[in-house]
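Just so you know, the protein sequences line up as chains Z and D, in that order.
Per this note's numbering, the first sequence starts with residue 1, numbered consecutively.
Per this note's numbering, the second sequence starts with residue 1, numbered consecutively.
Glycine is no exception: its CB is placed at the ideal position from the N, C-alpha and C atoms.
Fair warning: this is a prediction, and the values are worked out from it, not measured in the lab.
Each remark here refers to the structure printed beneath this line.
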Amino acid sequence: MKRHLALIRFALGSSRRRAGRTVSLGVALALVTFGFAAVLFLTEALRREFHLGAQGLPDLTVQRLVAGRPALIGEDWTQAIAGIAGVTRVEPRVWGYYFVPALAGNFTVVGVEADSLPDAAERELVVGEGRFFAADAPDEVVMGEALADYLGLSVGDAIELPVGRGRKRLEIVGLFRASVALWTADVLLMSTAGARAFLQVPTGSATDVAVRLSTPDEATVAARKIADLLPDARILDRQLMNRGYDLTFDTRGGILGAMLLPALVAFLVLAWDRLTGVGPGERREIGALKAMGWQTSDVLLARLWENLVLSFQGALVGLIAAYLYVFHAHAPGLADVLLGWSSLYPALQLAPAVTGGQLLALTCLVVLPFVALSLVPAWRAATLDPLGLLRGAT
Amino acid sequence: MNDAPPIAIRTVGLTKRYANGRQEKIALRDVTLSVPTAGFWVVSGPSGSGKTTLLGLLAGMIAPTAGEVHLNGRLITHLRDHHRALVRRNEVGMVFQEFALVTGLTVAENLFLPLVPTGGPPAATRAKAAALLERFGVTALAQTRVERLSAGERQRVGIIRALLGEPPILLLDEPTASLDSTNVERLVDLLASLRAEGRTLLATTHDQRLVNDPRVDGRLRLVDGALAG
Chain Z
1 MKRHLALIRF ALGSSRRRAG RTVSLGVALA LVTFGFAAVL FLTEALRREF HLGAQGLPDL
61 TVQRLVAGRP ALIGEDWTQA IAGIAGVTRV EPRVWGYYFV PALAGNFTVV GVEADSLPDA
121 AERELVVGEG RFFAADAPDE VVMGEALADY LGLSVGDAIE LPVGRGRKRL EIVGLFRASV
181 ALWTADVLLM STAGARAFLQ VPTGSATDVA VRLSTPDEAT VAARKIADLL PDARILDRQL
241 MNRGYDLTFD TRGGILGAML LPALVAFLVL AWDRLTGVGP GERREIGALK AMGWQTSDVL
301 LARLWENLVL SFQGALVGLI AAYLYVFHAH APGLADVLLG WSSLYPALQL APAVTGGQLL
361 ALTCLVVLPF VALSLVPAWR AATLDPLGLL RGAT
Chain D
1 MNDAPPIAIR TVGLTKRYAN GRQEKIALRD VTLSVPTAGF WVVSGPSGSG KTTLLGLLAG
61 MIAPTAGEVH LNGRLITHLR DHHRALVRRN EVGMVFQEFA LVTGLTVAEN LFLPLVPTGG
121 PPAATRAKAA ALLERFGVTA LAQTRVERLS AGERQRVGII RALLGEPPIL LLDEPTASLD
181 STNVERLVDL LASLRAEGRT LLATTHDQRL VNDPRVDGRL RLVDGALAG
């Protein structure tokens, strides 16, 4: 142990003495680590958010397609699905999109029965500012923060929007919390009655049906039964959606990771160039160390510590910078690539979801090739005879 | 009864050839010599005569093409690289013509460099280093970086480093090369005192002041890699 501590002290001194090389390699290493870590942090955090959000989804969501387009669902469908074995709850839902010319895009109108929601304390979990709408107030809405910001609205404001031949007045009583922004950025939440009026969905009809099962693992079986019973139905399985999210983020993260590989290769080429250029001063130093009794393994161990310390410092800087970039600066540029296109980008408030194993793997991806590369020139010099190194003959 | 002193350095038929492309250069040919323990010997000869190569072979820094090197009765020629490194660390102190100090480090750091692979200097070695710095008059330079020292100061630091491990054999390559007459006299005084402590000294030089000094016990001359006379 004392030997390693003494060699580490010597190695740190060597890093300081070769400051130019140390800084250039450290910066390059930090940049490469930053690139890979930012993609990993963001991908895993988004994957976690989507999985968390999917936990609240019904086991199955049933829609009706007519001529390949979504159509309203009647009460007969609700009753038919409720009669299938294993179905514990069927909930017709009213929601839809509302086009806003000023936004050049849609926002999502969602209707819920206020008294069927969890208790007030739980409602407050999603409302960041203001309050939840009252059960008997069809004109009250809770709005996504990004949408409110875009329209320049805040709690207490009211808007009038054209609906059919008339106009409908909506009063904003609350804004969603930023922590659920990924799901609520463009949402306008109101009572089911309000949503029916706003979207002009007749009483007894629904946009889709949320289905809960006694055994969620048998969702595929229940889906097949629904499809047999209702040939027009399109059935969304929560578990399949989860797999879809995984595939989406694996693909996008993989593409970005592949795009960063040339950066890793460029860094390794730089490292090789810098490290193989063992100058005459450095060769003389190795010769002096060997002449005074250092073994080849001592020289290599000192070089190993020097480059391990340098690479872990560089990797640590890269990881910290990536963490700040993703979780504090909200990954400008990168988030757009991973989230996809939208008129209203949610304000990201992501929670870190990277495991220690992933961090270790990422660090090894950058550190190990660098350290391995660095040992080759040192080994070549350290195996030469010290007299030749001192005289500059080899 | 044999009263002859034991032999500290002995070579038998020592030969070193360097390959240079298709050509071969013989740096040392068939050198057989013996230096008794506590002797102060010098090897003189013109530049390129093989003096430094001889010291390199004696210190185990290079392997001979043929022949043997015995240090205090132990054959070192056939030792593996890491065992020869231990010989250099523990049995032979070497003072180089170019000093072989590591720039960017202080005098004290350079002194303790040989001990880094053993975990650094123990307290007793630190005390010994302080005493040697005092003896050589460079105590004030202990924390000075070696590139700021004069040639004479660097040489003294090189000698202190070689002595710090208390090696029984001290090899010196052109020790007077950067010294004026006064300092040559001081250096020879010092070497004579080390010899009096029981150390064996072998110095290479082409400085006739050292060759002709009466305190030198034995003189060898190398010409074109071979012992002359």
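What residue from the options has the CA that sits closest to residue i's CA?
i, options, result
"leucine 25 of chain Z", "Z:Phe41, Z:Val309 and Z:Ala381", "Z:Val309"
"aspartate 237 of chain Z", "Z:Ala210, Z:Gly156 and Z:Thr251", "Z:Ala210"
"leucine 55 of chain D", "D:Met94, D:Arg17 and D:Leu101", "D:Met94"
"proline 58 of chain Z", "Z:Thr363, Z:Gln239 and Z:Leu375", "Z:Gln239"
"proline 369 of chain Z", "Z:Leu350, Z:Leu304 and Z:Val354", "Z:Leu304"
"glycine 244 of chain Z", "Z:His328, Z:Arg47 and Z:Thr78", "Z:Arg47"
"aspartate 336 of chain Z", "Z:Leu42, Z:Arg17, Z:Leu31 and Z:Ile8", "Z:Leu42"
"glycine 60 of chain D", "D:Leu220, D:Leu179, D:Ser34 and D:Thr11", "D:Thr11"
"alanine 226 of chain D", "D:Thr15, D:Pro5, D:Ile7 and D:Ala4", "D:Thr15"
"leucine 60 of chain Z", "Z:Glu129, Z:Asp139 and Z:Asn242", "Z:Asn242"
"leucine 213 of chain Z", "Z:Val173, Z:Ala82 and Z:Ile159", "Z:Ala82"
"glutamine 143 of chain D", "D:Ala108, D:Arg156, D:Pro121 and D:Arg135", "D:Ala108"
"phenylalanine 136 of chain D", "D:Asn212, D:Ile9, D:Leu171 and D:Asp189", "D:Asp189"
"alanine 158 of chain Z", "Z:Gly164, Z:Leu170 and Z:Leu151", "Z:Leu170"
"leucine 179 of chain D", "D:Arg89, D:Asn72 and D:Leu210", "D:Leu210"
"threonine 118 of chain D", "Z:Leu247, Z:His4 and Z:Thr192", "Z:His4"
"valine 87 of chain Z", "Z:Gly279, Z:Val141, Z:Ala223 and Z:Met1", "Z:Ala223"
"valine 87 of chain D", "D:Leu194, D:Leu75 and D:Leu101", "D:Leu75"
Within 8 Å (strictly less), CB to CB, does residue i reach chain D?
i, result
"glutamine 405 of chain Z", "Since the displayed chain Z opens at 1 and closes at 394, residue 405 of chain Z lies outside it and no answer follows."
"valine 13 of chain Z", "A small fix is needed here, since residue 13 of chain Z is glycine in this sequence, not valine. By this cut-off, glycine 13 of chain Z is an interface position."
"alanine 6 of chain Z", "yes"
"glutamate 44 of chain Z", "no"
"arginine 3 of chain Z", "yes"
"leucine 304 of chain Z", "no"
"aspartate 149 of chain Z", "no"
"leucine 310 of chain Z", "no"
"serine 343 of chain Z", "The predicted position of serine 343 of chain Z is uncertain, since its pLDDT is 49 and thus under 50; a value taken from the coordinates is nonetheless stated next. Closer than 8 Å: no."
"methionine 259 of chain Z", "no"
"glutamate 282 of chain Z", "no"
"leucine 324 of chain Z", "no"
If we define contact as Cβ-Cβ less than 8 Å, is residue i a contact residue for chain Z?
i, result
"glutamate 147 of chain D", "no"
"valine 157 of chain D", "no"
"glycine 225 of chain D", "no"
"histidine 78 of chain D", "no"
"arginine 10 of chain D", "no"
"leucine 105 of chain D", "yes"
"valine 31 of chain D", "no"
"alanine 100 of chain D", "yes"
"leucine 86 of chain D", "yes"
"arginine 89 of chain D", "yes"
"aspartate 81 of chain D", "yes"
How would you call residue i, buried or exposed, if buried means at least 16 neighbouring beta carbons within 10 angstroms?
i, result
"glycine 13 of chain D", "exposed"
"glutamate 166 of chain D", "exposed"
"asparagine 307 of chain Z", "buried"
"glutamate 113 of chain Z", "exposed"
"arginine 65 of chain Z", "Correcting the residue type first, residue 65 of chain Z is leucine in the shown sequence and not arginine. Result: exposed."
"lysine 51 of chain D", "buried"
"isoleucine 235 of chain Z", "buried"
"lysine 290 of chain Z", "buried"
"proline 386 of chain Z", "buried"
"tyrosine 97 of chain Z", "exposed"
"asparagine 20 of chain D", "exposed"
"leucine 324 of chain Z", "exposed"
"leucine 344 of chain Z", "Reliability of the predicted coordinates at leucine 344 of chain Z is poor, the pLDDT of 48 falling under 50, and the value obtained from them is presented with this limitation in mind. Leucine 344 of chain Z comes out buried."
"glutamine 208 of chain D", "exposed"
Any heavy atom of the ligand ADP inside 7 Å of the beta-carbon of residue i?
i, result
"leucine 161 of chain Z", "In terms of ligand content, the structure shown is empty, and the ligand ADP therefore cannot be addressed."
Using a Cβ-Cβ distance under 8 Å, would residue i count as near chain A?
i, result
"phenylalanine 136 of chain D", "Judged by its chain identifiers, the structure shown contains no chain A, and its protein chains are Z and D."
- Item | Under 7 Å (Cβ pairs) to chain Z, residues found in the region 186-217 of chain D | none
- Query: Enumerated in chain order, which unbroken segments of the alpha helix (DSSP H) with a length of 4 residues or greater are wholly contained in the region 204-281 of chain Z?
  - Reply: 219-229 and 238-276
- Task: Please specify which runs of the beta strand (DSSP E), each continuous and at least 3 residues long, are wholly inside the region 25-93 of chain Z, giving them in chain order.
- Result: Counting only unbroken stretches of 3 or more residues, the beta strand (DSSP E) elements lying wholly within the region 25-93 of chain Z are 60-66 and 69-71, in sequence order.
- Closer than 7 Å, Cβ to any Cβ of chain Z: which residues of the region 113-130 of chain D, in chain order? Leu113, Pro114, Val116, Pro117, Thr118, Gly119 and Gly120
- Task: Report the residue ranges of all beta strand (DSSP E) runs contained in full by the region 8-91 of chain D; include only those spanning at least 3 residues, in chain order.
- Result: If we require 3 residues or more, the beta strand (DSSP E) runs fully inside the region 8-91 of chain D come out as 23-36, 40-44 and 66-71.
- Message: If the cut-off is 9 Å on Cβ atoms, which residues from the region 42-56 of chain D count as contacting chain Z, listed in chain order?
- Response: Thr52, Thr53, Leu55 and Gly56
- Message: Output needed in chain order: residues of the region 363-387 of chain Z with a Cβ under 7 Å from some Cβ in chain D.
- Response: If the cut-off is 7 Å between Cβ atoms, the region 363-387 of chain Z has Asp385, Pro386 and Leu387 near chain D.
- In chain order, which beta strand (DSSP E) runs of at least 3 residues are fully inside the region 153-212 of chain D? 169-173 and 200-205
- If you measure beta-carbon to beta-carbon, which residues of the region 61-76 of chain D are closer than 9 Å to chain Z? Met61, Ile62 and Ala63
- Query: Whole alpha helix (DSSP H) runs in the region 120-200 of chain Z with 4 or more residues, listed along the chain?
  - Reply: 120-126, 145-151, 181-184 and 192-199
- Query: Taking any Cβ of chain D, which residues in the region 9-36 of chain Z have a Cβ under 9 Å from it, in chain order?
  - Reply: Arg9, Phe10, Gly13, Ser14, Arg16, Arg17 and Arg18
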